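Working notes, structure below.
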Amino acid sequence: MEKVLMKGNEAIAEAAIMAGCRHFFGYPITPQTEVAAYMSKRLPKIGGVYLQAESEISSINMILGAASAGVRAMTSSSSPGISLMSEGISYMAACDLPSVIVNIQRGGPGLGGIQPSQADYWQATRSSGHGDFHIIALAPNSIQEIVDLTQRAFDLADTYRMPVIILGDGILGQMMEPVELRPNISANPPEKTWAANGTGGKRKKNIINSLYLKPDQLEQINFERFKRYKLVEKKEALHEAYLTDDADIILVAYGATSRICRNAITQARANGVKAGLLRPITLWPFPVQAIKQTMQRAKAFICVEMSMGQMIDDVKLAIECERPVAFLGRTGGMVHTPEEILAKIEAVDRGETA
Amino acid sequence: MSETNILVAGFGGQGILFAGKFLVYAGLINGKQVSWLPSYGPEMRGGTASCGVIISDTPIGSPIVTQPDMLIVMNAPSLERYEPDCARNGRVFIDSSLITRELGRSDLTGWYVPAAKMADENGLTGLANMIMIGKFIKETNICAYNDIEAALKKTVPERRRALYDSNLEALNLGYNYRR
Numbered sequence: 001m002e003k004v005l006m007k008g009n010e011a012i013a014e015a016a017i018m019a020g021c022r023h024f025f026g027y028p029i030t031p032q033t034e035v036a037a038y039m040s041k042r043l044p045k046i047g048g049v050y051l052q053a054e055s056e057i058s059s060i061n062m063i064l065g066a067a068s069a070g071v072r073a074m075t076s077s078s079s080p081g082i083s084l085m086s087e088g089i090s091y092m093a094a095c096d097l098p099s100v101i102v103n104i105q106r107g108g109p110g111l112g113g114i115q116p117s118q119a120d121y122w123q124a125t126r127s128s129g130h131g132d133f134h135i136i137a138l139a140p141n142s143i144q145e146i147v148d149l150t151q152r153a154f155d156l157a158d159t160y161r162m163p164v165i166i167l168g169d170g171i172l173g174q175m176m177e178p179v180e181l182r183p184n185i186s187a188n189p190p191e192k193t194w195a196a197n198g199t200g201g202k203r204k205k206n207i208i209n210s211l212y213l214k215p216d217q218l219e220q221i222n223f224e225r226f227k228r229y230k231l232v233e234k235k236e237a238l239h240e241a242y243l244t245d246d247a248d249i250i251l252v253a254y255g256a257t258s259r260i261c262r263n264a265i266t267q268a269r270a271n272g273v274k275a276g277l278l279r280p281i282t283l284w285p286f287p288v289q290a291i292k293q294t295m296q297r298a299k300a301f302i303c304v305e306m307s308m309g310q311m312i313d314d315v316k317l318a319i320e321c322e323r324p325v326a327f328l329g330r331t332g333g334m335v336h337t338p339e340e341i342l343a344k345i346e347a348v349d350r351g352e353t354a
Numbered sequence: 001m002s003e004t005n006i007l008v009a010g011f012g013g014q015g016i017l018f019a020g021k022f023l024v025y026a027g028l029i030n031g032k033q034v035s036w037l038p039s040y041g042p043e044m045r046g047g048t049a050s051c052g053v054i055i056s057d058t059p060i061g062s063p064i065v066t067q068p069d070m071l072i073v074m075n076a077p078s079l080e081r082y083e084p085d086c087a088r089n090g091r092v093f094i095d096s097s098l099i100t101r102e103l104g105r106s107d108l109t110g111w112y113v114p115a116a117k118m119a120d121e122n123g124l125t126g127l128a129n130m131i132m133i134g135k136f137i138k139e140t141n142i143c144a145y146n147d148i149e150a151a152l153k154k155t156v157p158e159r160r161r162a163l164y165d166s167n168l169e170a171l172n173l174g175y176n177y178r179r
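One line per chain: the protein sequences are A and B, in this order.
Take the first sequence: its letter number 77 is residue 77 in our numbering, and every next letter is one higher.
Take the second sequence: its letter number 39 is residue 39 in our numbering, and every next letter is one higher.
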């Protein structure tokens, strides 16, 4: 298959279309605007609906409506816009609605800046909204993986009836790489018997609802939903291990940061330090077992994030704090250099793990 | 392992990102690994623009060009900003009609092409970027001369086919330029 050059943002949009998404609602914000721009050009030509909403609150609720009717729908935004969507994401989780939400992260908090960031990790994996719920969080690190995972996101959403977030950053959104637009979707997605798309006079009404005033009933519904989450945790965790087999020091990084780590690892190995990379591809569910396995040999971990330290919590939980976990973070839109990561690897190799 | 880090920098509107895209396609049709990352910011026509291009024999890690092996600069502020970052013994291509000073670092090799002036004189105003790229290809062999047309066909979208000929003319002008 011929490779084409695409920006990450454009690749997200095209992959969504390949997955059968014909409904996109969004609001422009740097650095993800190309997703919406691409959709606005393509969707009307293929019988889809592109609508620029008046705000992110509207976009997410339009997704809720489209998902209720059983169609594949997507929205995309960047950090501040995702915060505005929190309520809608919680409602969709409560209504067991599949959907795909894209967050091309920028520096924060607040309006922050527009340069790359990974400071929404907690938001994506812990607190996308109020209440007891999870969403699946996917973190590609190349444009090819964006194409593959965006399609997969729609299948995961439909299979588990829950929102899926694609967590990218300004680098991945803006960079171009050659990609193969290869299909990566299930031939038999689950039938949406629950959708509110007309009874045809043949069945009882389907009702999409998140209001339950009887606590015992709501508790039961939450229990049931968490059984599904257990299944997701068991079956859907993804990771990539790079040179971990003989590594004394394991770097844990995702997204664009993981690519910079690879440069540093190459240099470290040239200097005789055995470093490797464990890259979570799903942030929730977190690849706990994969990280645990590297502990058999590794003497220390380094978590590298474009944040003040968020995923590091999950790394420590995964290894139950049995090894030191050092941290190297940049924030506010600043990006690591391979040299500073190398310096950290060498410091940890000398035993400076603080 | 061979990896070439290239930075193209100048004003917004000079076709900096387009020039970078051309280089990426030139690498791609030669079966290389490639990446392209633009600077993005509250930028506009007349502001600064740059893009980093990596062409490599092996998979590319970081797409960020921090120490360019090759630098193409099309305005004075870009030379000020990026000359210190260049890798040791790097190669620098300078639009000498817009940048009056020469390189300060003695380890760097410079090529001075009055691209903006040449573009104006040849009815190719706005195509100084491709004149620079023509010279760049000649001196670096980043791709063969015969690959230029194929790479340009990929870079100029079908609906802008009218621009193909003038871009090719600019590339040739740069390729054949001698100091």
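C-beta atoms are modelled at their ideal positions from N, C-alpha and C, and glycine is treated no differently.
All values derive from a computational prediction rather than experimental measurement.
Residue i - partner residues in DSSP beta bridges
| i | result |
| --- | --- |
| residue 49(A) | 23(A) |
| residue 11(B) | 48(B) |
| residue 5(B) | 54(B) |
| residue 286(A) | Beta-bridge pairing links residue 286(A) to no other residue. |
| residue 75(A) | 101(A) |
| residue 33(B) | 56(B) |
| residue 71(B) | 7(B) and 92(B) |
| residue 116(A) | 106(A) |
Whole-angstrom C-beta distance between residue j and residue i, which should lie under 8 Å
| i | j | result |
| --- | --- | --- |
| residue 171(B) | residue 134(B) | 4 Å |
| residue 36(B) | residue 176(A) | 4 Å |
| residue 185(A) | residue 162(A) | No, residue 185(A) and residue 162(A) are not in contact; Cβ-Cβ is about 17 Å, not under 8 Å. |
| residue 79(A) | residue 61(A) | In fact, because the Cβ distance is near 19 Å, the residues do not count as touching under 8 Å. |
| residue 319(A) | residue 292(A) | 6 Å |
| residue 15(A) | residue 151(A) | 5 Å |
| residue 143(A) | residue 11(A) | 5 Å |
| residue 336(A) | residue 260(A) | 5 Å |
| residue 149(B) | residue 127(B) | That belief does not hold up - the Cβ atoms of residue 149(B) and residue 127(B) are roughly 16 Å apart, past 8 Å. |
Which listed residue (the options) has its alpha carbon closest to that of residue i
| i | options | result |
| --- | --- | --- |
| residue 170(A) | 203(A), 159(A), 205(A) and 115(A) | 115(A) |
| residue 316(A) | 288(A), 209(A) and 133(A) | 288(A) |
| residue 66(A) | 95(A), 54(A) and 182(A) | 95(A) |
| residue 155(A) | 68(A), 21(A) and 255(A) | 21(A) |
| residue 126(A) | 165(A), 102(A) and 146(A) | 165(A) |
| residue 41(B) | 106(B), 159(B) and 50(B) | 50(B) |
| residue 149(A) | 121(A), 180(A), 197(A) and 207(A) | 180(A) |
| residue 118(A) | 107(A), 275(A) and 111(A) | 107(A) |
| residue 139(B) | 71(B), 59(B), 33(B) and 65(B) | 71(B) |
| residue 111(B) | 58(B), 167(B) and 79(B) | 79(B) |
| residue 326(A) | 311(A), 353(A), 310(A) and 305(A) | 353(A) |
| residue 347(A) | 301(A), 97(A), 34(A) and 36(A) | 301(A) |
| residue 177(B) | 155(B), 127(B), 115(B) and 147(B) | 115(B) |
| residue 92(B) | 179(B), 7(B) and 142(B) | 7(B) |
| residue 56(A) | 76(A), 265(A), 206(A) and 207(A) | 76(A) |
Chain A contact for residue i (CB, 8 Å cutoff)
| i | result |
| --- | --- |
| residue 182(B) | Residue 182(B) lies beyond the range of chain B shown here (1 to 179); nothing can be said about it. |
| residue 84(B) | no |
| residue 152(B) | no |
| residue 55(B) | no |
| residue 4(B) | no |
| residue 66(B) | yes |
| residue 90(B) | no |
| residue 12(B) | no |
| residue 157(B) | no |
| residue 35(B) | yes |
| residue 62(B) | yes |
| residue 41(B) | yes |
| residue 7(B) | no |
Residue i at chain B interface by Cβ criterion, 8 Å
| i | result |
| --- | --- |
| residue 205(A) | no |
| residue 176(A) | yes |
| residue 114(A) | yes |
| residue 273(A) | no |
| residue 263(A) | yes |
| residue 5(A) | yes |
| residue 335(A) | yes |
| residue 345(A) | no |
| residue 12(A) | no |
| residue 89(A) | no |
| residue 31(A) | yes |
| residue 259(A) | yes |
| residue 280(A) | no |
| residue 44(A) | no |
| residue 171(A) | yes |
Runs of beta strand (DSSP E) wholly within the region 144–227 of chain A (minimum 3 residues, chain order): 163–169 and 176–179
Please give the ranges of any alpha helix (DSSP H) in the region 222–285 of chain A, keeping only runs that are unbroken, at least 4 residues long and fully inside the region. 255–270
Give, in chain order, every unbroken run of the alpha helix (DSSP H) that is at least 4 residues long and sits entirely within the region 105–176 of chain B. 115–121, 128–140, 148–155 and 164–175
Can you check the region 304–347 of chain A for any alpha helix (DSSP H) of at least 4 residues that lies completely inside it and give the ranges in chain order? 311–318
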